[in-house]
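Undergrad: Dumping the structure here so I can ask a few things about it.
2 protein chains.
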Amino acid sequence: MEQTIRVELGDRSYDVRVGSGILDSVGPAAAALPTVRQAAVIADSNIASSYGKQTADSLTAAGIDATLIEFPTGEANKTVAVFSDMLDAVFAISPAIDRDLLIVACGGGVTGDISGYVAASTLRGVRWLQCPTSLLADVDASVGGKTGINHATGKNLIGAFYQPSGVLIDVETLKTLAPRELQSGLGECVKHAVIRDASLLDFIAENTTEILACQSDVMCDLVARNVAIKADVVAGDERETGTRAHLNYGHTVGHAIETIAGYGTLSHGAAVSLGIIAANAIAVDSRLISPVDADRVRQALEALKLPVTYPGLNPDEVWEVMQRDKKARGGHVRMVLPTEIGRVEIFDNTTPQQVARGVAALG
Amino acid sequence: MEQTIRVELGDRSYDVRVGSGILDSVGPAAAALPTVRQAAVIADSNIASSYGKQTADSLTAAGIDATLIEFPTGEANKTVAVFSDMLDAVFAISPAIDRDLLIVACGGGVTGDISGYVAASTLRGVRWLQCPTSLLADVDASVGGKTGINHATGKNLIGAFYQPSGVLIDVETLKTLAPRELQSGLGECVKHAVIRDASLLDFIAENTTEILACQSDVMCDLVARNVAIKADVVAGDERETGTRAHLNYGHTVGHAIETIAGYGTLSHGAAVSLGIIAANAIAVDSRLISPVDADRVRQALEALKLPVTYPGLNPDEVWEVMQRDKKARGGHVRMVLPTEIGRVEIFDNTTPQQVARGVAALG
Numbered sequence: 008m009e010q011t012i013r014v015e016l017g018d019r020s021y022d023v024r025v026g027s028g029i030l031d032s033v034g035p036a037a038a039a040l041p042t043v044r045q046a047a048v049i050a051d052s053n054i055a056s057s058y059g060k061q062t063a064d065s066l067t068a069a070g071i072d073a074t075l076i077e078f079p080t081g082e083a084n085k086t087v088a089v090f091s092d093m094l095d096a097v098f099a100i101s102p103a104i105d106r107d108l109l110i111v112a113c114g115g116g117v118t119g120d121i122s123g124y125v126a127a128s129t130l131r132g133v134r135w136l137q138c139p140t141s142l143l144a145d146v147d148a149s150v151g152g153k154t155g156i157n158h159a160t161g162k163n164l165i166g167a168f169y170q171p172s173g174v175l176i177d178v179e180t181l182k183t184l185a186p187r188e189l190q191s192g193l194g195e196c197v198k199h200a201v202i203r204d205a206s207l208l209d210f211i212a213e214n215t216t217e218i219l220a221c222q223s224d225v226m227c228d229l230v231a232r233n234v235a236i237k238a239d240v241v242a243g244d245e246r247e248t249g250t251r252a253h254l255n256y257g258h259t260v261g262h263a264i265e266t267i268a269g270y271g272t273l274s275h276g277a278a279v280s281l282g283i284i285a286a287n288a289i290a291v292d293s294r295l296i297s298p299v300d301a302d303r304v305r306q307a308l309e310a311l312k313l314p315v316t317y318p319g320l321n322p323d324e325v326w327e328v329m330q331r332d333k334k335a336r337g338g339h340v341r342m343v344l345p346t347e348i349g350r351v352e353i354f355d356n357t358t359p360q361q362v363a364r365g366v367a368a369l370g
Numbered sequence: 008m009e010q011t012i013r014v015e016l017g018d019r020s021y022d023v024r025v026g027s028g029i030l031d032s033v034g035p036a037a038a039a040l041p042t043v044r045q046a047a048v049i050a051d052s053n054i055a056s057s058y059g060k061q062t063a064d065s066l067t068a069a070g071i072d073a074t075l076i077e078f079p080t081g082e083a084n085k086t087v088a089v090f091s092d093m094l095d096a097v098f099a100i101s102p103a104i105d106r107d108l109l110i111v112a113c114g115g116g117v118t119g120d121i122s123g124y125v126a127a128s129t130l131r132g133v134r135w136l137q138c139p140t141s142l143l144a145d146v147d148a149s150v151g152g153k154t155g156i157n158h159a160t161g162k163n164l165i166g167a168f169y170q171p172s173g174v175l176i177d178v179e180t181l182k183t184l185a186p187r188e189l190q191s192g193l194g195e196c197v198k199h200a201v202i203r204d205a206s207l208l209d210f211i212a213e214n215t216t217e218i219l220a221c222q223s224d225v226m227c228d229l230v231a232r233n234v235a236i237k238a239d240v241v242a243g244d245e246r247e248t249g250t251r252a253h254l255n256y257g258h259t260v261g262h263a264i265e266t267i268a269g270y271g272t273l274s275h276g277a278a279v280s281l282g283i284i285a286a287n288a289i290a291v292d293s294r295l296i297s298p299v300d301a302d303r304v305r306q307a308l309e310a311l312k313l314p315v316t317y318p319g320l321n322p323d324e325v326w327e328v329m330q331r332d333k334k335a336r337g338g339h340v341r342m343v344l345p346t347e348i349g350r351v352e353i354f355d356n357t358t359p360q361q362v363a364r365g366v367a368a369l370g
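Residue numbers (this note's numbering), protein chains in the order written: chain A, 8 to 370; chain B, 8 to 370.
Structure representation (structure tokens):
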């Protein structure tokens, strides 16, 4: 049981393979890349000894000299300092590395982001494989080539657009995820359904129990369908100058709530879920979608145990935070709103009144 | 008096403009780039108050909000720490920057390398203009998109291939160069002549006096011709997988001598000059070129006051250092040798005996 999705990016195209137990295929996949003899597996302290070691063992078994590089877990470590430490570890690999080195990122979003930037920066770019182990990384970070680290003044401000040579998603790793981590990915799945694929919303609604239990077959389908949507969006706009902004659906108000709650208080998925509810309320209010459609989305979110209410929000504060967001270019607040389930458009001049309507829907 | 050379790299193509007094055109050039409103001018402590300020003033006069970022001069500062400091300075620009920020690199090779990497890394890539102020940066670093910083274990190990939006070369800045710095660029000019353009060797031989005096018209022609050669080589092989290696002519033995002498003892141009002499001696020995051709090249180097002898070298030591070079893949020593003036080929299995012949020519 394995599915392959091609991410079409010209000479930077690559395959995303989704399957059960696929982490043991990393070795053969790496060996199939021309001239790879050495690999650095980057994994955080939570999984270095489990999935990290499993990945390194697969590489070794395939005849590739693998070095496991462990770093301290957590978003707080997505820094220049840890990036620099990783480069030190890469250049300490013996015998000296050359451009035939392969970087293998094994872990969640933080690991993929920082490892990808290490791969982009080592000798001005070496190949890398991404082996995401969280649902959020599977359906979001694994496609698009956004790599990077945080700066004291903001998230993901330093980095590169750098595509991997391939992505291997082992859905078995989802079974060890904390519920909060699973939730983070599910928010993005509903987002993808609303922006591109109404039938995915049906699939989610019909398989809620299996999804929450991380049943392998269903997770394979869920991940593959989401990767396909993200791949399609990214292929149309690699450098984020146009329709890639559709992926911000649910994120404008969502980010504001995340900030107001205090970063890390809400899971990313919870914040996105609330952002989706708010965006849909605005869309209903503007007669873009029907209340029935908005309700279908709300039911899917609720079934996935994602929050759909957040009482006590001050709409003025939400508006103010939205205006400070780096995506609010030139002071205008841009929102992505659905015009039907499976289709969104970008609206550049959202008003404070509209945002207040969205916030009211969360009360 | 201005010449423009197009660097053809698909959607990353750009123009290199060479002229006298062109530094005052940075403002209009930046203003011609869509949506640029803010710029960060990066210059080292040697020239921040002169050319750096001149550049910033030109930007301000063109209506662009310019911030001058100064960093301590010298190759020793091409580090992760200085890179990180520069990013701090970029993100401290007020009001908050977005992808419309323009980075302007004003200075020699170190400035271009580190500034380009800052541009590549800021918000995953903002536009940058390169304003080289040394002959080496003019004819070498200004074309090719190699950006980066040093690691404790080697030079330029961390960085990105990242093309500028344009390059402005003001030959007037060459008049303030130290003779040793001028020499560094002249070594590359002779290299370019040998690998691609016999008539450039004639031009150099006929204009030696004007070149050493940095006479503006002649320097314009010299720089433009060299940029055109480098642009042609890079356009054929942006990511250095094939013929871009021709640019290593004179550098294999040259780097080894640089290392043996103690890095910084010889100017880069002096080391390249010695490397050219050695490579040509090997080429004569292998009947690739005639002694007459080798002598023409030697005369040009001597006329430019570049060294052509370096007595006392131990050929075994040179061989050993060459084998350690990162460009010596898989233990084989690769050398680029001329087959006539204006044409080179790559030879993958240079022998210790050949290198000894080359070293003997320096005695």
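A virtual CB, placed ideally from N, CA and C, is assigned to each residue, including glycine.
Expressed to the nearest angstrom, what Euclidean distance is found between the alpha-carbon atoms of B:Leu30 and B:Gly370?
TA: 44 Å
Undergrad: At the 8 Å Cβ level, is B:Thr250 part of the contact set with chain A, yes or no?
TA: At a cut-off of 8 Å between beta-carbon atoms, B:Thr250 makes no contact with chain A.
Undergrad: Applying the 10 Å Cβ sphere with the 16-neighbour rule, what's the burial state of A:Gly249?
TA: A:Gly249 should be labelled exposed.
Undergrad: On the CB-based measure, 16 or more other CB atoms within 10 Å of its CB, does B:Ala103 come out buried or exposed?
TA: Around the Cβ of B:Ala103, a 10 Å sphere holds fewer than 16 other Cβ atoms; the residue is exposed.
Undergrad: Please state whether DSSP places A:Val133 in a helix, a strand or coil.
TA: coil
Undergrad: Given A:Thr11, which residues of its chain have a CB within under 6 Å of its CB, disregarding the five upstream and five downstream residues?
TA: Asp22, Arg24
Undergrad: Would you mind working out which of A:Ile71, A:Ser57, A:Ile54, A:Gly17 sits nearest A:Pro41, comparing C-alpha positions?
TA: Put simply, of A:Ile71, A:Ser57, A:Ile54, A:Gly17 the residue whose alpha carbon is nearest the alpha carbon of A:Pro41 is A:Ile71.
Undergrad: Kindly provide the ranges of any alpha helix (DSSP H) runs that are 4 or more residues long and lie completely inside the stretch 222-307 of chain A, ordered along the chain.
TA: 223-242, 259-268, 275-292
Undergrad: Who are B:Glu9's beta bridge partners in DSSP?
TA: B:Gly26
Undergrad: Between which two residues does the alpha helix (DSSP H) carrying B:Gln190 extend?
TA: 186-203
Undergrad: Are the CB atoms of A:Leu94 and A:Ala37 nearer to each other than 8 Å?
TA: In this structure, A:Ala37 does not lie closer than 8 Å to A:Leu94 by Cβ.
Undergrad: Please name the residue in A:Gly123, A:Arg19, A:Glu82 whose C-alpha comes closest to that of A:Val48.
TA: A:Gly123
Undergrad: By how many angstroms is the C-alpha of B:Leu175 removed from the C-alpha of A:Pro298?
TA: 58 Å
Undergrad: Going by DSSP, what residue range makes up the alpha helix (DSSP H) through A:Gln361?
TA: Residues 359-367.
Undergrad: Please identify the residue among A:Glu179, A:Gly257, A:Thr118 whose C-alpha is closest to the C-alpha of A:His199.
TA: A:Gly257
Undergrad: Anyone know if the C-beta pair for B:Leu143 and B:His275 falls short of 8 Å?
TA: yes
Undergrad: Assuming A:Ala112 and A:Thr118 are in contact, meaning their beta carbons sit under 8 Å apart, how far apart are those beta carbons, in whole angstroms?
TA: 5 Å
Undergrad: If you measure from the beta carbon of A:Val241 to each beta carbon in chain B, is any gap under 8 Å?
TA: no
Undergrad: How should A:Tyr58 be labelled, buried or exposed, when 16 other C-beta atoms within 10 angstroms of its C-beta is the threshold for buried?
TA: The residue is buried, with at least 16 neighbouring Cβ atoms inside 10 Å.
Undergrad: Quick check on the burial criterion: 16 or more other C-beta atoms within 10 angstroms. Buried or exposed for B:Ser52?
TA: Classification for B:Ser52: exposed.
Undergrad: Using a Cβ-Cβ distance under 8 Å, would A:Phe98 count as near chain D?
TA: Any reference to chain D falls outside this structure, whose protein chains are A and B.
Undergrad: Quick check on DSSP: helix, strand or coil for A:Glu352?
TA: strand
Undergrad: Any contact of the stretch 340-350 of chain A with the stretch 284-304 of chain A, i.e. 3+ C-beta pairs under 8 Å?
TA: The stretch 340-350 of chain A, when compared against the stretch 284-304 of chain A, does touch it at the 8 Å Cβ threshold.
Undergrad: If the cut-off is 7 Å on Cβ atoms, which residues from the stretch 134-167 of chain A count as contacting chain B, listed in chain order?
TA: Lys153, Gly155, His158, Thr160, Leu164, Ile165, Gly166, Ala167
Undergrad: Do you know offhand how far B:Leu313's Cα is from B:Gly34's?
TA: Cα to Cα, the separation comes out at about 37 Å.
Undergrad: Listing by chain order, which chain A residues have their CB less than 8 Å from the CB of B:Thr129?
TA: Leu164, Ile165
Undergrad: Going by other Cβ atoms of all chains shown within 10 Å of its Cβ, with 16 needed for buried, is A:Thr61 buried or exposed?
TA: Per the sequence presented here, residue 61 of chain A reads as Gln, with Thr not at that position. Flag for A:Gln61 reads buried.
Undergrad: In whole angstroms, what is the alpha-carbon distance linking B:Ile156 and A:Gly166?
TA: 15 Å
Undergrad: Would you tell me roughly how many angstroms separate the C-alpha atoms of A:Leu16 and B:Glu245, rounded to the nearest one?
TA: 18 Å
Undergrad: Please report the distance separating the alpha-carbon of A:Tyr169 from that of A:Thr80.
TA: 22 Å
Undergrad: Specify, as a first and last residue, the run of the beta strand (DSSP E) that A:Gly152 falls within.
TA: The continuous stretches of beta strand (DSSP E) do not include A:Gly152, and DSSP gives it neither H nor E.
Undergrad: Rounded to a whole number of angstroms, what is the C-alpha to C-alpha distance between A:Ala368 and A:Glu213?
TA: 26 Å
Undergrad: Report yes if the C-beta distance between B:Gly261 and B:Ala278 is below 8 Å; otherwise report no.
TA: Taking 8 Å as the cut-off, the beta carbon of B:Gly261 is found closer than this to the beta carbon of B:Ala278.
Undergrad: Please tell me whether, using a cut-off of 7 Å, the distance from the CB of A:Ile289 to the nearest non-hydrogen atom of the ligand NAP is below it.
TA: In the structure shown, the ligand NAP is absent, as is every other ligand, since no ligand is present at all.
Undergrad: Short check: CB of A:Val371 to CB of A:Val351, under 8 Å?
TA: The structure shown does not extend to residue 371 of chain A, since chain A is modelled only from 8 to 370, so the question has no answer here.
Undergrad: Once DSSP output is grouped into helix, strand and coil, what is the label at B:Tyr317?
TA: B:Tyr317 falls in the coil class under three-state DSSP.
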